[in-house]
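S.K.: With the numbering used here applied, the sequence shown corresponds to residues 167 to 400, in that order.
What follows is a structure written as structure tokens; I'll ask about it next.
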Amino acid sequence: MSLHIGAENGEIADRVLLPGDPLRAEWIAKKFLKDPICYSRIRNMFGFTGSFRGQRVSIQGSGMGAPSISLYLHELFVDYNVQIAIRVGTCGAIQESLRPRDLILAITASTDSAINRRALNGLDLAPNADFGLLSCAVTEAKQRGLSHVVGGVASMDLFYDTTDALDRFKEYGVLGLEMETSALYSLALRHRRRALSILTVSDQILTGEKLSAEDRENSLADMAELALMTAISA
Ligand code: HPA
């Protein structure tokens, strides 16, 4: 048992999906996994293991932001030896070409966070997705006819940001803002594990357009299935 995840050794699969919201973890596990069991309820940050198309997969809530996802990832990688981590989340689009419900397959993540600069003693890391997972997700998204784009996102420390960071990242072609991918890719690189972020555009920040309640559920299902297919094929 680790500090924040109450699973026994062997209860977590070597492939894990990470939604930010623990209730989404439960929703995905109950909708897509065969015989899901809940292995942790610590802080209500639920985690489930079951099987998808005959392969063991876990779904673990990550919470919001780099500090939260970092502690769960540390324990998944170090204490439970997880090999593949796929974030399924939402983001706000900052390029005109993107519409709510589009998928962003994040190839890299910029950030305003100081975590990596501290870890690398002032150097800038360019944290990247695992190419095998990314290429698998692209193939699956094409086959399923899902509207998707591959590009960079920015992982922000503040949802309610008061700076001009959005304009700067927009100028440099960043597709969307969220809060976790930089931490996911950086920790995966350090621990030599494979990671990918699959993000649904929930808001078009430039126009204020938002995903409808109905589309929210449908898009989560599409994204979860794409992530599960990627997790078991890679
Ligand atoms: N900022 C950060 N994270 C987000 C946003 C945003 O605008 N939208 C969805 N997740």
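Glycine included, each C-beta is placed from N, C-alpha and C at the ideal position.
No experiment lies behind these values; they were computed from the predicted model shown.
Which ranges does the alpha helix (DSSP H) cover as unbroken runs of at least 4 residues, wholly within the region 309 to 372, from first to last along the chain?
M.R.: Correct list: 331 to 337 and 347 to 357.
S.K.: With distances taken between CB atoms, is the gap from residue 231 to residue 211 smaller than 7 Å?
M.R.: As a position in the sequence shown, residue 231 is number 65, starting the count at 1. As a position in the sequence shown, residue 211 is number 45, starting the count at 1. In this structure, residue 211 does not lie closer than 7 Å to residue 231 by Cβ.
S.K.: Who are the near neighbours of residue 264 in its chain, counting only those whose CB is closer than 8 Å to its CB and skipping five residues on each side?
M.R.: Position 98 of the sequence shown, counted from the first residue, corresponds to residue 264. So the qualifying residues of the chain are 270, 315, 341, 342, 367 and 370.
S.K.: Can you say whether residue 336 is buried or exposed, counting buried as having 16 or more other CB atoms within 10 angstroms of its CB?
M.R.: Within the sequence shown, numbered from 1, the residue matching residue 336 stands at position 170. That one is buried.
S.K.: Using DSSP with H/G/I as helix, E/B as strand and the rest coil, what is residue 213?
M.R.: By one-based count along the sequence shown, residue 213 stands at place 47. DSSP places residue 213 in strand when its eight states are reduced to three.
S.K.: Can you give me the C-alpha to C-alpha distance between residue 490 and residue 376, rounded to a whole angstrom?
M.R.: Examination of residue 490 is not possible in this model, given that the chain is present from 167 through 400 alone.
S.K.: According to the Cβ coordinates, are residue 235 and residue 361 closer than 7 Å?
M.R.: Taking the sequence shown and counting its residues from 1, one reaches residue 235 at position 69. Taking the sequence shown and counting its residues from 1, one reaches residue 361 at position 195. No. Outside cutoff.
S.K.: So what does DSSP say about residue 224, is it helix, strand or coil?
M.R.: Taking the first residue of the sequence shown as 1, we reach residue 224 at position 58. Looking at residue 224 - three-state DSSP - the assignment turns out to be strand.
S.K.: Is it buried or exposed for residue 186, if we count other Cβ within 10 angstroms and need 16 for buried?
M.R.: Working through the sequence shown from its first residue, we reach residue 186 at position 20. Label assigned to residue 186: buried.
S.K.: Taking its Cβ as the centre, do 16 or more other Cβ atoms sit within 10 Å of residue 282, making it buried, or is it exposed?
M.R.: Along the sequence shown, one-based indexing puts residue 282 at 116. Answer is buried; the Cβ neighbour count reaches 16.
S.K.: Hey, how far is the Cα of residue 176 from the Cα of residue 197?
M.R.: Position 10 of the sequence shown, counted from the start, is the residue given in the question as residue 176. Position 31 of the sequence shown, counted from the start, is the residue given in the question as residue 197. Answer to the nearest angstrom: the Cα atoms are 23 Å apart.
S.K.: Compare the beta carbon distance of residue 278 and residue 313 with 7 Å and say whether it is the shorter of the two.
M.R.: As a position in the sequence shown, residue 278 is number 112, starting the count at 1. As a position in the sequence shown, residue 313 is number 147, starting the count at 1. For residue 278 and residue 313, no; Cβs fall outside 7 Å.
S.K.: Whose C-beta lies closer than 7 Å to the C-beta of residue 395 among residues of the same chain, with five residues either side of it excluded?
M.R.: If you number the sequence shown from 1, residue 395 lands on position 229. Correct list, in chain order: 306.
S.K.: Which residue wins for smallest C-alpha separation from residue 322, given the options 180, 310 and 258?
M.R.: The residue you call residue 322 lines up with position 156 of the sequence shown. Cα-wise, what sits closest to residue 322 is 258.
S.K.: Any heavy atom of ligand 1 inside 6 Å of the beta-carbon of residue 369?
M.R.: By one-based count along the sequence shown, residue 369 stands at place 203. Yes; taking the cut-off as 6 Å, the Cβ of residue 369 has a heavy atom of ligand 1 nearer than that.
S.K.: Among residues of its own chain, excluding the 5 on either side of residue 393, which ones have a beta-carbon nearer than 7 Å to its beta-carbon?
M.R.: Reading the sequence shown from its first residue, position 227 is the one you call residue 393. Contacts found: 183, 252, 254 and 364.
S.K.: Pick from 319, 339, 344 and 338: whose alpha carbon is nearest that of residue 327?
M.R.: Sequence index remark: in the sequence shown, residue 327 carries index 161 (1-based). Checking every option, the nearest Cα to that of residue 327 belongs to 344.
S.K.: With a Cβ-Cβ cutoff of 7 Å, do residue 293 and residue 272 count as a contact?
M.R.: Taking the sequence shown and counting its residues from 1, the one referred to as residue 293 is at position 127. Taking the sequence shown and counting its residues from 1, the one referred to as residue 272 is at position 106. Going by C-beta atoms, residue 293 is not nearer than 7 Å to residue 272.
S.K.: Can you give the beta carbon distance from residue 461 to residue 203, rounded, assuming they're within the 8 Å contact cut?
M.R.: This structure does not reach residue 461, given that the chain is present from 167 up to 400, and the question cannot be answered.
S.K.: Would residue 239 and residue 353 qualify as a contact pair, given that the criterion is a beta-carbon distance under 7 Å?
M.R.: For the purposes of this step, residue 239 is identified with residue 73 of the sequence shown, where counting begins at 1. For the purposes of this step, residue 353 is identified with residue 187 of the sequence shown, where counting begins at 1. A contact, by the Cβ cut-off of 7 Å.
S.K.: Between 247, 347 and 297, which has its C-alpha nearest residue 400's C-alpha?
M.R.: On the sequence shown, position 234 is the one that residue 400 refers to. For residue 400, the nearest C-alpha among the options comes from 297.
S.K.: From the DSSP output, which residues share a beta bridge with residue 293?
M.R.: Stepping through the sequence shown from its first residue, residue 293 is reached at position 127. Paired residue(s): none; residue 293 is not in a bridge.
S.K.: State the Cα-Cα distance for the pair residue 249 and residue 222, rounded to the nearest angstrom.
M.R.: On the sequence shown, residue 249 is found 83 positions in, with the first residue counted as 1. On the sequence shown, residue 222 is found 56 positions in, with the first residue counted as 1. Straight-line Cα distance between these residues: approximately 13 Å.
S.K.: At 4 residues or longer, and completely inside the region 251 to 306: list those alpha helix (DSSP H) runs for me, N to C.
M.R.: Runs of the alpha helix (DSSP H) inside the region 251 to 306: 281 to 285.
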